[in-house]
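One structure is given here, and the rest of the page talks about it.
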Amino acid sequence: MPIERRPLREQIREELLLRLDRGHFAAGTDVNEAALATELGVSRTPLREALITLAGEGVLESNQGRGFRFAPVSRKEFRELCAIVAALEALALETSDAAHLRAIAPELLRMARDFPDAVAEQQVIERHDDEWHDLLLSGCPNERLLDLITSVKAGMRRYAHLLAGDDAPLEREAAEHRRIAELLQAGDLPGATGALRDNWVNGMERMMARIPE
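Quick note on UniProt numbering: the sequence shown kicks off at 1 and runs consecutively.
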């Protein structure tokens with residue numbers, strides 16, 4: 001794991017989320033802290049700090065005083081998380097600087113048109129989606145709101161690998177992103193906000209078929 005000039009616990013958190021995205025950890029399984037610390041080449045203290053952070057974000061849960069485990073997935077939780085993120089991102093977009101939104105609309109449209117095709121690796125698609133949404137909300141002045149969005153999204157990461165191999169949702173999602181960008185380019189902020197909410201609702205419905213009952 002590359003060492004960067006930022007807290008080690010943050011690097012560990014990002015590494016664990018990356019592995020979770022790739023399906024290395026199954027929902028509901030226990031975290032072996034000693035083995036994981038050895039594998040990452042870190043001490044138990046920063047690892048535990050990272051685990052506590054992930055627990056606060058809903059990625060992990062306390063295992064009755066015996067450590068941590070990756071939180072199980074459920075349809076109810078995923079619906080709730082999607083509803084929260086949809087509302088928060090809509091609020092962030094509504095409160096963004098109008099001139100900034102007009103300025104970034106062409107780049108958002110270009111990125112949506114360049115959305116990876118169905119054969120792209122899942123992590124490539126995930127990264128492209130994150131970059132698109134980050135740019136979309138880059139004009140929001142409320143840093144606390146943006147931090148909250150990031151935190152809630154972290155809790156959704158363990159659901160990401162369930163989308164692997166599904167071609168149709170990626171094609172529809174690219175079209176939804178194009179629609180949001182086109183509305184912003186036309187100066188229709190209410191329409192773009194509504195389309196953003198629809199994007200999250202549609203994404204939720206596409207995911208539901210892959211979440212165990």
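Where a beta carbon is used, it is the ideal one built from N, C-alpha and C, also for glycine.
Taking a contact to mean a Cβ-Cβ separation below 8 Å, would you say residue i touches residue j in this structure?
| i | j | result |
| --- | --- | --- |
| Ile-84 | Pro-46 | no |
| Leu-136 | Leu-109 | no |
| Arg-158 | Ala-50 | no |
| Arg-102 | Gly-187 | yes |
| Ile-87 | Gln-185 | Here the sequence assigns Ala to residue 87, which means Ile is not the residue at that position. It is not a contact, given that the beta carbons lie outside the stated cut-off. |
| Leu-196 | Leu-93 | yes |
| Ala-98 | Leu-189 | yes |
Report, in whole angstroms, the separation of the C-beta atoms of residue i and residue j, which I expect to be a contact under 8 Å.
| i | j | result |
| --- | --- | --- |
| Asn-199 | Ile-180 | 7 Å |
| residue 238 | Gly-139 | Because the chain is modelled from 1 through 213, residue 238 falls outside the range shown and cannot be assessed. |
| His-128 | Phe-115 | 6 Å |
Taking C-alpha atoms, which residue in the options lies nearest to residue i?
| i | options | result |
| --- | --- | --- |
| Met-208 | Cys-82, Glu-10, Pro-141, Gly-41 | Cys-82 |
| Gly-23 | Glu-80, Ala-160, Glu-61, Leu-93 | Ala-160 |
| Met-111 | Leu-18, Arg-6, Glu-173 | Glu-173 |
| Glu-126 | Leu-20, Gly-194, Glu-94 | Leu-20 |
| Glu-39 | Val-59, His-128, Glu-15 | Glu-15 |
| Glu-10 | Arg-48, Arg-210, Ala-35 | Arg-48 |
| Glu-80 | Gly-58, Gly-65, Leu-91 | Gly-58 |
| Leu-91 | Asn-63, Pro-141, Phe-25 | Pro-141 |
Would residue i be called buried (16 or more neighbouring beta carbons within 10 Å of its own) or exposed?
| i | result |
| --- | --- |
| Ser-43 | exposed |
| Val-124 | exposed |
| Glu-205 | exposed |
| Val-119 | With a pLDDT of 49 at Val-119, under the threshold of 50, the modelled position of this residue cannot be trusted; read the value that follows with caution. Exposed, by the Cβ-count rule. |
| Thr-193 | buried |
| Glu-131 | exposed |
Return no unless some Cβ of chain D is closer than 8 Å to the Cβ of residue i.
| i | result |
| --- | --- |
| Met-204 | Absence of chain D from the displayed structure is noted, only one protein chain being present. |
- With a cut-off of 8 Å, do at least 3 Cβ pairs link the stretch 132-149 to the stretch 69-77? no
- Query: Counting pairs of beta carbons, one from the stretch 152-161 and one from the stretch 42-61, are three or more of them closer than 8 Å?
  - Reply: Judged by Cβ distances under 8 Å, the stretch 152-161 makes contact with the stretch 42-61, as three or more pairs qualify.
- Check whether the stretch 64-73 touches the stretch 27-35, taking contact to mean three or more Cβ pairs, one atom from each stretch, closer than 8 Å. yes
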